[in-house]
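*Asks:* Chains as they are written, first to last, in the working numbering: chain A, 3 to 112; chain B, 15 to 222.
Glycine residues also receive a C-beta, built at the ideal position from the N, C-alpha and C atoms.
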Amino acid sequence: MTDQVSNTSNKEKEAYKRQKSKEEMQKQLISFSLMIGFTLIAFAIVATDSVEKIYIIPILFLMAIVQAGFQFYYFMHLKDKGHEMPAVLIFGGVWAAFLTLAGLIVITWW
Amino acid sequence: MSQEHSELFPDVLPAEPEKVTLEGQNKFFGLWFFLGGETVLFASLFGTYLALKNSTAGGPSSDELFGLGLVFLMTMLLLVSSLTSVYAMYHMRNGDYKKMVLWLAITGLLGIGFLGAEIYEFAHYIIEYDFNFRSSAFGSGFFALVGFHGGHVLFGICWLTTLLIRNAKRGLNLYNAPKFNTFSLYWHFIDVVWVFIFTVVYLMGKVG
């Protein structure tokens, strides 16, 4: 009897787990299609030369940041619980990266 | 087999088999720590490239050199390989070892495709344009940045191959699940870096 009970609860747990990962997979597929979309737009803008030059670089850069966000938050699960420390580590890295880039770009601006 | 050892091989794997053991948690934390450092490393290579980009020493400029077709192909290969490794982790969490291995193998093949295209690209620049690491400051910046990323892809492929061979007969358990998950996180990071390379180096290089 107890065996049966634990068996059904195990099955339920397994079904719940599969349902959860299925939902997660759908979100990841949506992220993937958005990333493909952004990539296509980025290449199209440059290949067709359809946007004014001063706007192109900010647009491209913004799309790259959004794509990186999808990778980090959905593909690498940064949005999930228990990812506080990874977020601190990555954003610490991004902060240092920002300073490095700013320094190197500013000294060669003119 | 000791009690401690058998705990690594449960009949039903938990929802997140990669984070159950202390070893798994440490691997997870350690890899993110490493990725934080990698971010800074690649930022300095990007900064160097941007600073030296216009110092062509009379050689070809980025606009004359780069073609978008091959870069687009490489971008798609790496982006799709990111999705296939998501599929692999999906099957890992469902405890399906064979499907996980299949998707990881596809990921590896896409990575090899990417690397092949990059080698072709580099050879093309060196032979046709006489554009190499030593030809100009632009060349040094370009090959250091893009080559270092390519080196990361190569390392990832070697890592994955080793994992798949070593665990070929073990099946999925709490001992090796963290190993596969760690590789998958690394692989996604390589794709993040590539997103910035194709944007900053190739697309912005075309714009001028």
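Mind listing which residues of the region 102-135 of chain B have their C-beta closer than 8 Å to chain A's C-betas, in chain order?
*Replies:* Cβ contacts with chain A: Y104, R107 and N108.
*Asks:* Rounded to whole angstroms, what is the Cα-Cα separation between S150(B) and F156(B)?
*Replies:* So the two alpha carbons sit approximately 10 Å from each other.
*Asks:* Between the region 27-42 of chain B and the region 188-195 of chain B, do at least 3 Cβ pairs fall closer than 8 Å?
*Replies:* Judged by Cβ distances under 8 Å, the region 27-42 of chain B makes contact with the region 188-195 of chain B, as three or more pairs qualify.
*Asks:* Which class does S16(B) belong to by DSSP, given the choice of helix, strand or coil?
*Replies:* Here S16(B) scores only 47 on pLDDT, less than 50, and its place in the model should not be relied on; the value that follows carries that caveat. It is coil, neither helix nor strand.
*Asks:* Which residue wins for smallest C-alpha separation from F63(A), given the options V115(B), F169(B) and T213(B)?
*Replies:* Cα-wise, what sits closest to F63(A) is T213(B).
*Asks:* Using CA atoms only, rank isn't needed, just tell me which of F40(A), L80(A), V90(A) and T10(A) is closest to Y210(B).
*Replies:* What sits at residue 210(B) in the sequence shown is Phe, not Tyr. Taking only the C-alpha atoms, the option nearest F210(B) is F40(A).
*Asks:* Does the beta-carbon of M103(B) have 16 or more other beta-carbons within 10 angstroms, so that it is buried, or is it exposed?
*Replies:* Result: buried.
*Asks:* So the candidates are A46(A), E26(A) and G84(A); which of them puts its Cα closest to the Cα of W46(B)?
*Replies:* Closest option to W46(B), Cα to Cα, is G84(A).
*Asks:* Check the C-beta distance from N181(B) over to L22(B) and give it rounded, since I have them as a contact under 8 Å.
*Replies:* At roughly 13 Å, the Cβ-Cβ gap does not stay under 8 Å, so N181(B) and L22(B) are not in contact.
*Asks:* Tell me whether T98(B) sits in a helix, a strand or coil according to DSSP, three-state version.
*Replies:* The answer is helix: DSSP assigns T98(B) an H, G or I state.
*Asks:* Here's the rule: buried if 16 or more other CB atoms are within 10 angstroms of the residue's CB, otherwise exposed. What is K22(A)?
*Replies:* The residue is exposed, with fewer than 16 neighbouring Cβ atoms inside 10 Å.
*Asks:* Please report how far the alpha carbon of Q39(B) lies from the alpha carbon of Y101(B), in whole angstroms.
*Replies:* Cα to Cα, Q39(B) sits roughly 21 Å from Y101(B).
*Asks:* Since S52(A) meets chain B, which of its residues come closer than 9 Å, beta carbon to beta carbon?
*Replies:* Within 9 Å Cβ-Cβ: nothing; S52(A) doesn't reach chain B, min ~12 Å.
*Asks:* At what residue ranges does the region 36-123 of chain B contain a whole run of the alpha helix (DSSP H), taking only runs of 4 or more?
*Replies:* You should have 36-66, 76-79 and 82-107.
*Asks:* Could you round the C-beta distance between W173(B) and T121(B) to whole angstroms and report it? I think they count as a contact, below 8 Å.
*Replies:* In fact, because the Cβ distance is near 11 Å, the residues do not count as touching under 8 Å.
*Asks:* So, with DSSP's three-state summary, where would you put T110(A)?
*Replies:* T110(A) falls in the coil class under three-state DSSP.
*Asks:* Please list the residues of the region 41-57 of chain B that have a C-beta atom closer than 7 Å to any C-beta atom in chain A, keeping them in chain order.
*Replies:* Under the 7 Å Cβ criterion, the region 41-57 of chain B contributes F43, W46, F47, L49, G50, G51, T53, V54 and A57.
*Asks:* In the structure shown, what three-state DSSP assignment does Y143(B) receive?
*Replies:* If DSSP states are grouped into helix, strand and coil, Y143(B) belongs with coil.
*Asks:* Nearest chain B C-beta to G118(A) closer than 8 Å, yes or no?
*Replies:* No answer is possible for residue 118(A): it lies beyond the span of chain A, which begins at 3 and ends at 112.
*Asks:* List, in chain order, every chain A residue whose beta-carbon is nearer than 8 Å to that of F61(B).
*Replies:* A quick correction: the sequence has Gly, not Phe, at residue 61(B). T102, L103, G105, L106 and I107, listed in chain order.
*Asks:* What does M88(B) touch in chain A if you count any residue whose Cβ is under 7 Å from its own?
*Replies:* The premise fails here: M88(B) is roughly 11 Å from chain A at the closest Cβ pair, so nothing lies under 7 Å.
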